[in-house]
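Working notes, structure below.
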Amino acid sequence: MATYGEAVVAEARRWIGTPYVHQASCLGGGTDCLGLIRGVWRGLNGAEPEVVPAYTNDWSEAHGNEVLWQAAMRNLVAKGLEDETCGDVLLFRMKAGAVAKHLGIVGEAGREPTVIHAYCGHAVVESPLSAPWRRRIVGRFAFPQDVQSTVGKRG
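Going by our numbering, the sequence shown opens with residue 1, and the numbers climb by one from there.
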């Protein structure tokens, strides 16, 4: 039986190749980075924990509120930045002084770590978690295991 982190990664990898579509969360149809996290949640746990309001590409930047970070704190389990495990949800700040507004999932940890994510102009990909990406990490979270309903049941 797979560990919970391995189940998260397996579910995230099902999304690889899904085109980038802003605000979407449809396996194979389209997703953005938040939509990927939402889709993995649904694949593992069923219904999403909260309704996501509409958002623009520059959301939160005008007022500087860490909306995505706050949502992650409400719905995921916060971890230390150095406590890397497969299946972790990573929160990125794309430039210094900007709000954190990109998410990904650790596909591989260790010597050659990877991140599974969707970003504008790309489909969902698994790419190296290189030094430039690592410098942008500002939060690390785990999916809560107490709400899981289908882990290990998928054929």
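Where is the CB? At the ideal position from N, CA and C, for every residue including glycine. Quick caveat, the model's predicted, so the values are computed rather than measured.
Secondary structure at Gly-107: strand, using DSSP grouped into helix, strand and coil. A direct Cα-Cα distance of roughly 15 Å separates Ile-137 from Gly-87.
Unbroken beta strand (DSSP E) runs of no fewer than 3 residues, entirely contained in the segment 67–123, are found at 77–79, 89–93, 100–108, 114–117, following chain order. Straight through space, the alpha carbons of Arg-140 and Gly-80 are spaced by roughly 6 Å.
Contact between the segment 20–28 and the segment 93–102 is absent: fewer than 3 CB-CB pairs across the two stretches fall below 8 Å. Judged by pairs of C-beta atoms under 8 Å, the segment 127–134 does not touch the segment 22–36, as fewer than three such pairs exist. For Pro-144, there is no enclosing alpha helix (DSSP H), as DSSP gives it neither H nor E. Its chain contains Val-40, Leu-44, Gly-87, Ile-105, Phe-143 as the residues whose beta carbon lies nearer than 7 Å to that of Val-8, once the 5 sequence neighbours on both sides are disregarded; these appear in chain order. For Glu-82, the closest alpha carbon among the candidates Trp-15, Gln-145, Arg-135, Leu-27 is that of Arg-135.
Between Ile-16 and Val-124, the gap from beta carbon to beta carbon is short of 8 Å.
Rounded to whole angstroms, the separation of the alpha carbons of Leu-90 and Trp-133 is 10 Å.
Relative to Val-77, the option among Gln-145, Ala-2, Met-94 whose CA is nearest is Gln-145. DSSP places Val-40 inside the alpha helix (DSSP H), whose first and last residues are 33–45. Contact between Thr-85 and Gly-5 holds, with the beta-carbon distance rounding to 5 Å and staying under 8 Å.
The three-state secondary structure of Tyr-55, taken from DSSP, is coil.
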